[in-house]
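**Q**
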Amino acid sequence: MNFTVTPEKINPEQRAAVTAIDGPCLVIAGPGSGKTRTLTVKARYILRLYPAARILCVTHTRKAADEMRARIGRHENTRAIQVSTIHSLCYRILKTSLGQSIRILSDYDHGVIVRLAAQAAGLDTGQGEISTVISEVKLGLIEKREETRKLLKEYERLKGLRLDYDDLLLFALKKLKAQKDTATSPTHILVDEAQDLDPVQIKLIKRLSPKKPNVTFFLDYNQAIFSFKGALPDEINRIGDIYTNTRKFYLLKNHRSTGKILESANRLIRLNGSENSSVPMREEGVSPLWVQVANETCEAQLTGEIALDLIQQGFQPRDILILYRTNHYRAEVESELIENEIPYSILKNTSLFLKEGPFLPLCLQAWRPGDFWEQTLLTNYLGRRSSSEICSLASELKLSPFETAIEQSITNPEMERGMNLLWQDLREIQLRRESKPQEVAEIAWAIVERRGFINDTREIKGLFRLMGRFQRLGEIVEQIEKLQVLSTASKQKRLHLSTIHRAKGLEHRAVILLGCVEGVFPLEIRDQVNSTEERRLAYVALTRAKDFFVAISPETLYGEPTVPSRFVREMGLKRCEWVKCAR
């Protein structure tokens with residue numbers, strides 16, 4: 004292949020990283036510095052001397068893998084380059100020995116099993132926290148205690164022979180340790196977002212590496228925000244120790260954000276002791292802004308107003324990203340966007356109004372039964388498989404899911420038990436048919452707690468609080484019907500909502516950051532390590548913005564006074580009064 008790297012294609016710093024193909028390398032790449040481009044150009048550069056099938060590119064998400072594959076190119080000579088998420092790679096490694104017998108635990112089943120295991124172990128914590136504990140114990144990140152031992156034992160019993168994501172890593176590592184290098188082993192490995200690697204993944208990469216390790220790690224210490232998944236900064240720092248004679252390259256020229264935005268970002272991250280400040284390559288632009296509003300309702304109203312103002316100024320809806328620290332915080336904003344008929348999509352998530360959980364469907368069955376809500380309730384009371392079979396049969400028979408379930412339960416004792424529980428709960432709810440939404444919500448909350456249906460109490464709390472805004476249940480149904488219409492809008496016409504964690508790697512012309520108060524963002528600070536990670540998270544939020552950034556702080560939250568986030572001060576944000584802001 005006649006491939007040359009020219010100055011027109013990449014800058015001198017990128018070229019130095021691209022042409023270093025022998026031995027281990029660390030490429031410290033700041034936001035907007037062309038990291039992905041450098042990685043994909045390097046893959047093609049290596050292709051001049053080595054077979055495509057022996058070049059391996061590893062990343063963390065399917066979306067990133069698809070983008071990487073597209074950038075490398077789908078020509079005949081580049082198609083054989085291996086591009087994979089780390090879990091897909093482990094699956095392929097195991098499939099060569101286990102064949103078709105591999106059964107992967109689905110996300111839904113994982114959630115159910117975690118909930119049941121926690122109940123058996125006598126633990127009363129949200130699914131996300133329990134799932135993290137299980138993962139940390141399996142990966143050896145925390146010591147086993149009596150309660151975690153019981154939790155893990157019950158989890159593994161319920162899981163059976165199915166493999167979860169941690170099993171994929173651990174079993175693949177075990178297999179790699181038992182086998183020797185072969186003629187098909189990678190000669191070169193390029194690792195994207197290396198700051199997100201946990202200790203087991205680092206060992207996997209080490210074992211995949213040839214004896215003379217031609218491994219390039221692309222990372223940004225300032226964007227290390229996944230310690231809850233085991234990606235610890237101390238482990239990342241050890242990469243240089245694991246691979247001797249590691250060369251370092253720095254990509255710090257930021258082509259994404261304006262000078263004013265980067266000035267705030269650099270000011271913030273220097274408080275973590277970072278010496279890798281981004282160098283702005285664009286104009287100064289507008290200073291990042293900070294607005295205080297009266298409460299969470301005003302915050303949601305202002306968010307919609309800012310979005311509409313930006314659109315009137317020429318921004319496309321897809322240019323606007325609304326960020327929050329945790330998922331439950333978006334309930335008010337979702338309701339406001341629906342009310343104003345502003346289409347939106349949520350990154351890697353579903354609207355709180357369309358979640359599979361039983362809380363909202365229970366509330367709404369008290370007002371007006373509906374096939375969609377019936378299917379959701381059947382899933383929770385009978386299980387996903389039974390619910391799916393019933394709904395398929397209902398469609399054939401032209402009956403409602405409930406009517407079909409009643410007929411099927413006559414000859415199925417287990418289904419009959421589930422339906423009896425459902426009828427019992429619905430009767431309890433329907434006695435409050437004429438009550439205010441908040442009172443109905445309290446009954447529904449008690450039911451989902453009693454039945455053990457709660458997977459993420461934080462998300463439900465967001466909806467629970469929102470119910471107090473409505474005078475009648477019909478208003479919620481109207482919002483859902485509006486949302487279903489808005490969902491038909493093209494992607495080009497939708498705003499984007501996301502947690503900060505899920506937004507890493509994205510860039511948008513405008514970013515609106517919500518909940519900038521102590522205890523929300525940052526979350527409760529436990530120690531210095533926690534403090535520095537929350538600050539890195541704020542850095543990630545700020546550096547998603549290309550042209551415009553605004554942070555919003557409610558003065559009261561759910562009736563309680565708040566303190567503005569320390570990050571507002573640390574970023575040096577300019578306070579402003581939004582003209583249309585309701586106070």
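Residue 4 is where the sequence shown starts when you use our numbering, and the numbers rise one by one after that.
The C-beta atom is built at its ideal place from N, Cα and C for all residues, glycine as well.
Predicted model only: the values in this text are computed from it and were never measured.
May I ask you to list the residues that DSSP assigns as paired with residue 293?
**A** Looking at the DSSP assignment, residue 293 forms a beta bridge with 554 and 578.
**Q** In chain order, what residues of the same chain lie with their CB nearer than 6 Å to the CB of residue 525, ignoring the 5 residues before and after it?
**A** Contacts found: 537.
**Q** List the DSSP bridge partners of residue 256.
**A** Beta-bridge pairing links residue 256 to 282.
**Q** By how many angstroms is the C-alpha of residue 169 removed from the C-alpha of residue 343?
**A** One C-alpha to the other measures close to 43 Å.
**Q** Using DSSP with H/G/I as helix, E/B as strand and the rest coil, what is residue 464?
**A** The answer is helix: DSSP assigns residue 464 an H, G or I state.
**Q** Of all the options 34, 82, 318 and 65, which has the alpha carbon lying nearest to the alpha carbon of residue 54?
**A** That would be 82, whose Cα lies nearest to the Cα of residue 54.
**Q** Quick check on DSSP: helix, strand or coil for residue 68?
**A** Three-state result, residue 68: helix.
**Q** In chain order, what are the residue ranges of uninterrupted alpha helix (DSSP H) at least 4 long that sit wholly in the segment 409-433?
**A** Runs found: 416-433.
**Q** Who are the near neighbours of residue 167 in its chain, counting only those whose CB is closer than 7 Å to its CB and skipping five residues on each side?
**A** Taken in chain order, the residues that qualify are 108 and 113.
**Q** Going by alpha carbons, who is nearest to residue 384 out of 432, 297, 454 and 351?
**A** For the residues 432, 297, 454 and 351, the minimum Cα distance to residue 384 belongs to 454.
**Q** Assuming residue 292 and residue 579 make a contact with CB atoms under 8 Å, what is their CB distance in whole Å?
**A** Confirmed, about 5 Å.
**Q** For residue 381, which of 158, 456, 401 and 481 has the nearest alpha-carbon?
**A** The shortest C-alpha separation from residue 381 is found at 456.
**Q** Using CA atoms only, rank isn't needed, just tell me which of 574, 431, 513 and 535 is closest to residue 229.
**A** Nearest of 574, 431, 513 and 535 to residue 229, Cα basis: 535.
**Q** Compute the Euclidean distance between the alpha carbons of residue 158 and residue 174, then round it to the nearest angstrom.
**A** For residue 158 and residue 174, the distance between alpha carbons rounds to 17 Å.
**Q** Give the DSSP bridge partners of residue 1, in chain order.
**A** No statement about residue 1 is possible, as the shown extent of the chain runs from 4 to 586 and does not include it.
**Q** Can you check which of these residues, 227, 321, 247 and 294, is closest to residue 275 by C-alpha distance?
**A** For the residues 227, 321, 247 and 294, the minimum Cα distance to residue 275 belongs to 227.
**Q** Among all the DSSP beta bridges, which residues are the ones paired with residue 60?
**A** DSSP output for residue 60 lists 86 and 193 as bridge partner(s).
**Q** Which ranges does the alpha helix (DSSP H) cover as unbroken runs of at least 4 residues, wholly within the segment 375-408, from first to last along the chain?
**A** The qualifying runs are 387-400.
**Q** Is residue 588 helix, strand or coil when you go by DSSP?
**A** This structure cannot speak to residue 588, because the chain is shown only from 4 to 586.
**Q** Which residue marks the beginning of the beta strand (DSSP E) containing residue 513, and which one marks its end?
**A** Start and end: 511-516.
**Q** Is residue 225 near residue 264, with beta carbons less than 8 Å apart?
**A** In this structure, residue 264 does not lie closer than 8 Å to residue 225 by Cβ.
**Q** Could you check which residue in 581, 33, 487 and 539 has the C-alpha nearest to that of residue 574?
**A** Comparing Cα positions, the closest option is 539.
**Q** Just to confirm before moving on: does the CB-CB distance between residue 210 and residue 171 stay below 8 Å?
**A** No, the pair does not count as a contact, with Cβ atoms beyond the cut-off.
**Q** State the start and end residues of the unbroken alpha helix (DSSP H) segment that holds residue 443.
**A** Here the alpha helix (DSSP H) through residue 443 covers 440-454.
**Q** Compute the beta-carbon to beta-carbon distance between residue 196 and residue 62, rounded to the nearest angstrom, for a pair I have assumed lies under 8 Å.
**A** At roughly 6 Å, the Cβ-Cβ gap stays under 8 Å, so residue 196 and residue 62 are in contact.
**Q** For residue 477, count the other beta carbons within 10 Å of its own beta carbon; 16 or more makes it buried, fewer makes it exposed. Which is it?
**A** When all chains shown are included, residue 477 counts as exposed.
**Q** Going by DSSP, which residues form a beta bridge with residue 559?
**A** Partner(s): 564.
**Q** Alpha carbons only, please: which of 64, 28, 258 and 188 is nearest the one belonging to residue 37?
**A** It is 258.
**Q** On the three-state DSSP scale, how would you describe residue 249?
**A** Three-state DSSP puts residue 249 in coil, outside helix and strand.
**Q** Can you tell me whether residue 115 is helix, strand or coil according to DSSP?
**A** It is helical.
**Q** Below 8 Å between beta carbons: does that hold for residue 279 and residue 31?
**A** Going by C-beta atoms, residue 279 is nearer than 8 Å to residue 31.
**Q** Where does residue 134 land, buried or exposed, given buried means 16+ other C-beta within 10 angstroms?
**A** By the 10 Å Cβ count, residue 134 comes out buried.
**Q** Are there 16 or more other CB atoms within 10 angstroms of the CB of residue 474, so buried, or fewer, so exposed?
**A** Flag for residue 474 reads exposed.
**Q** Between which two residues does the alpha helix (DSSP H) holding residue 48 run?
**A** Taken as a continuous stretch (DSSP letters only), the alpha helix (DSSP H) holding residue 48 covers 38-49.
**Q** Please determine, among 379, 503, 449 and 414, the residue with the shortest C-alpha to C-alpha distance to residue 405.
**A** Closest by alpha carbon: 379.
**Q** Check whether the segment 280-291 touches the segment 544-559, taking contact to mean three or more Cβ pairs, one atom from each stretch, closer than 8 Å.
**A** The segment 280-291, when compared against the segment 544-559, does touch it at the 8 Å Cβ threshold.
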